[in-house]
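Mind the numbering: the sequence shown is residues 3 to 172 in the working numbering, read in order. Backbone N, C-alpha and C define an ideal beta-carbon position, used for all residues, glycine too. Since the structure comes first, as structure tokens, the remarks are kept for the end.
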Amino acid sequence: MGDDRSDIADLIGESPSSQHREWVLNRLVQAVLTVIVLAGLAGAWGEGVSSEVEATGADGRLRVTYERFVRNLGQTRLQVRFPPGSAQQGSIRLFITQDYLADNEITTVIPDADTVTADGDRLVYEFPVPNGGPLTVTFDLRPNSGLGVLNATVGGSTVDSVQLWQLVYP
């Protein structure tokens, strides 16, 4: 007497090896879909647990809020907050590395800077600050670098700088 299972499989036209391949493919698709859903919940596709990040300078005075995961040619926001007392001679100087800004189209900067100058590998924005501050500067950006990681240094003349990174996805 032979194997009953192989006789039944022969009768209905199924082979155990094709059933195994189908089972493996099914499990693989389930695993990929689970990873996609978990990444979405974590913020990889926009708002989520790990999408918005607040980085602080070593002295705790400068605060930079940004999205860790951004879509190429999408919209994102970088917000820089200076505490009261950060102004020197009635203005605050904010710098951002030029490489980061070159990989983003700046759609708006609020408030408007009095001056923007190049200083080595960074751009320096100078903002008037009546009565010594505080100051919040908002950059609306459109990443245009393509897939990859963007790195930036954001700082000011009276505060410690902040290092940040963003993952740009298609």
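Pick from L166, Y171, P172 that is closest to L80, judged by C-alpha positions: Nearest C-alpha to L80: L166.
Are A57 and T99 closer than 8 Å when you measure CB to CB? In this structure, A57 lies away from T99, with their beta-carbon atoms at least 8 Å apart.
Grouping DSSP H, G and I as helix and E and B as strand, with all else coil, what is D142? The answer is strand: DSSP assigns D142 an E or B state.
What does the Cβ neighbour count give for Q168, buried or exposed, with the cut at 16 atoms within 10 Å? Buried: at least 16 other Cβ atoms inside 10 Å.
Tell me whether L103 counts as near the ligand ZN, meaning its Cβ is closer than 7 Å to at least one heavy atom of that ligand. As presented, the structure is devoid of all ligands, the ligand ZN included, so that no description of it is given.
7 Å Cβ shell around T140 - same chain, five flanking residues per side excluded: Correct list, in chain order: R79, Q81, I112.
Using a threshold of 8 Å, state whether the C-beta atoms of L143 and I108 are closer than that. By the CB criterion at 8 Å, L143 and I108 fall inside the cutoff.
Of all the CB atoms in chain C, is at least one closer than 8 Å to the CB of T109? Absent here is chain C; the protein component of the structure consists of one chain.
Cβ shell of L103 (< 7 Å), same chain only, five flanking positions each side left out: Closer than 7 Å at the Cβ level, and outside the excluded window around L103, lie L125.
If you check the beta carbons only, do P86 and P136 fall under 8 Å apart? Less than 8 Å separates the beta-carbon of P86 from that of P136.
In whole angstroms, what separates the C-alpha of F84 from that of G150? Separation of F84 and G150 (C-alpha to C-alpha, rounded to the nearest whole angstrom) is 29 Å.
Spatially closest choice to A115 from D121, D105, N74, V131, by CA coordinates: Per the Cα distances, V131.
Between the CA atoms of G134 and D101 - distance to the nearest angstrom: D101 and G134 have their C-alpha atoms some 30 Å from each other.
What runs of the beta strand (DSSP E), each 3 residues or longer, lie entirely inside the segment 104-155? For the segment 104-155, whole beta strand (DSSP E) runs of length 3 or above, ordered along the chain, are 106-112, 117-121, 124-130, 137-145.
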